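Protein chains in written order, with full-length UniProt numbering: chain A, 1 to 206; chain B, 1 to 206.
Here is the structure we will look at, set down as structure tokens.
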């Protein structure tokens, strides 16, 4: 597709196509969809992103996105402050909360170490994690990062920083996903799931 | 995914997921992408859609999106005003312009008849097409709508409205797309392409 017949149109298409996974063709389709909506609705649409970016705040304790200075999870006295689950971003907190199987608290890094994207350890909330562990009240740190090279790199970096402290370090289990057929599991996952096999009785606990 | 830890966040996710083809999971990914951008950039992002919707104007002649009262194509005296190509929206104008094979002018319907989506003939720019044809200067109307049931319905509706006028009505050719292997063409397309076969010499002209 070449020349847009309007600058307003090409500008809106341009803006949409800055988003990951949205090419120019999809962007134009989305823009034409917006043009068919009421003015008020489109105003609310555009304004929602402006408001979000300008007024977003983060929990001062775990760094998760939060409308209050301390988030609901961190201020919940029923949750175990001695177990900290380290995650990349808010999506991971939501995913783990959905399992309803974790009763500790979180620490949100705000990303993972990714030299390809120019993200180093100093861009992440790692210092505050170490400072929290240094206070001595945390007994276990569970690393729950993606099973990717970037996740492993970040795991290792944090492991080196924390290994001198008196704290248990663990990572979430890697293995064959529930519902997956064995023959379709990749070799590395299958290999790890054999090495890290668990006692049979444990497979029934949740 | 369940509860968002922030109303600003959930509102922005909600807004993105009103767009066609964007579910909540993708919406959250896009919102987190915006959160990593500069405030100014996100302001420009949101404002571009507000500006577009509030200030969009259409060519008074062909109804295509245009920043000027008459679009560049309609005001171009080198183009043949006696041949009108009827299309659904701006995307089709751009696609046909890219072929560089059409030197007439356009008429943009602004949609196609689609009872499923509640779009009837009165929601489209059909009256102005008939009024234009009624002036007597148009010699040919080429229907260039999608090869779908909605497109066929719209073609037929406009055919009935225009058949009493002294104007040639045609539709763009349906057939096996160039580059497509015959065995993969669907039966209806293949059947039509045999019925509407063209003299061999013509296949070399462009």
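Every residue, glycine too, gets a C-beta built ideally from N, C-alpha and C.
In this text, all values refer to a predicted model and were calculated from it rather than measured experimentally.
Beta carbon proximity, residue i to chain A, threshold 9 Å
i: residue 73 (chain B); result: yes
i: residue 77 (chain B); result: no
i: residue 114 (chain B); result: no
i: residue 45 (chain B); result: yes
i: residue 28 (chain B); result: yes
i: residue 154 (chain B); result: no
i: residue 21 (chain B); result: yes
i: residue 200 (chain B); result: no
i: residue 70 (chain B); result: no
i: residue 66 (chain B); result: yes
i: residue 86 (chain B); result: no
i: residue 37 (chain B); result: yes
i: residue 125 (chain B); result: no
i: residue 97 (chain B); result: yes
i: residue 206 (chain B); result: Note that residue 206 (chain B) has pLDDT 49, beneath the 50 cutoff, so the model's placement of it is unreliable and no number is given.
i: residue 189 (chain B); result: no
i: residue 136 (chain B); result: no
i: residue 196 (chain B); result: no
Range covered by the beta strand (DSSP E) that runs through residue i
i: residue 4 (chain A); result: Here residue 4 (chain A) belongs to no beta strand (DSSP E), and DSSP marks it neither H nor E.
i: residue 182 (chain A); result: From DSSP, residue 182 (chain A) is part of no beta strand (DSSP E); its letter is neither H nor E.
i: residue 108 (chain A); result: 104-108
i: residue 169 (chain A); result: 168-171
i: residue 142 (chain A); result: 140-143
Residue i versus the options, residue with shortest Cα-Cα distance
i: residue 74 (chain A); options: A:48, A:25, A:103, A:134; result: A:103
i: residue 134 (chain A); options: A:191, A:71, A:171, A:164; result: A:164
i: residue 51 (chain B); options: A:175, A:12, A:111; result: A:12
i: residue 189 (chain B); options: B:198, B:176, B:200; result: B:176
i: residue 172 (chain B); options: B:128, B:178, B:123, B:147; result: B:147
i: residue 37 (chain B); options: A:192, A:39, A:98, A:54; result: A:54
i: residue 139 (chain A); options: A:105, A:46, A:68, A:178; result: A:105
i: residue 129 (chain A); options: A:26, A:15, A:62; result: A:62
i: residue 141 (chain A); options: A:98, A:167, A:90; result: A:167
i: residue 127 (chain A); options: A:137, A:145, A:107; result: A:107
i: residue 93 (chain B); options: B:78, B:48, B:143; result: B:143
i: residue 65 (chain A); options: B:28, B:77, B:41; result: B:28
i: residue 149 (chain B); options: B:197, B:46, B:116; result: B:116
i: residue 91 (chain A); options: B:25, B:198, B:132; result: B:25
i: residue 3 (chain B); options: A:193, A:182, A:96, A:160; result: A:96
i: residue 79 (chain B); options: B:199, B:42, B:100, B:184; result: B:100
i: residue 41 (chain B); options: A:22, A:183, A:18; result: A:18
i: residue 198 (chain A); options: A:77, A:119, A:174; result: A:174
The ligand ADP heavy atom lying under 8 Å from the CB of residue i
i: residue 19 (chain A); result: Absent from the structure shown: the ligand ADP. Ligands present: none.
First through last residue of the alpha helix (DSSP H) which encompasses residue i
i: residue 154 (chain B); result: 149-162
i: residue 32 (chain A); result: 24-35
i: residue 84 (chain B); result: Run containing residue 84 (chain B): none in the alpha helix (DSSP H); it sits in the beta strand (DSSP E), 80-87.
i: residue 50 (chain B); result: 39-55
i: residue 97 (chain B); result: 90-99
i: residue 127 (chain B); result: 127-134
Supposed contact pair residue j and residue i - C-beta distance, whole angstroms, cut 8 Å
i: residue 71 (chain B); j: residue 20 (chain A); result: Actually they are not in contact, since the Cβ atoms of residue 71 (chain B) and residue 20 (chain A) sit about 33 Å apart, beyond 8 Å.
i: residue 110 (chain A); j: residue 122 (chain A); result: Contact flag wrong, Cβ pair sits at about 12 Å.
i: residue 56 (chain B); j: residue 35 (chain A); result: 6 Å
i: residue 44 (chain B); j: residue 15 (chain A); result: 7 Å
i: residue 8 (chain A); j: residue 67 (chain B); result: 7 Å
i: residue 137 (chain B); j: residue 82 (chain B); result: 6 Å
Neighbour flag for residue i against chain B, beta carbons, 9 Å
i: residue 121 (chain A); result: no
i: residue 15 (chain A); result: yes
i: residue 33 (chain A); result: yes
i: residue 56 (chain A); result: yes
i: residue 48 (chain A); result: yes
i: residue 7 (chain A); result: yes
i: residue 150 (chain A); result: no
i: residue 12 (chain A); result: yes
i: residue 52 (chain A); result: yes
i: residue 94 (chain A); result: yes
i: residue 4 (chain A); result: yes
i: residue 18 (chain A); result: yes
i: residue 42 (chain A); result: yes
Contacts that residue i makes with chain D (C-beta to C-beta distance below 8 Å)
i: residue 89 (chain A); result: Although the question refers to chain D, the structure presented lacks it and instead comprises the protein chains A and B.
Can we say the stretch 144-161 of chain A touches the stretch 80-93 of chain A, given the rule of at least three CB pairs closer than 8 Å?
yes
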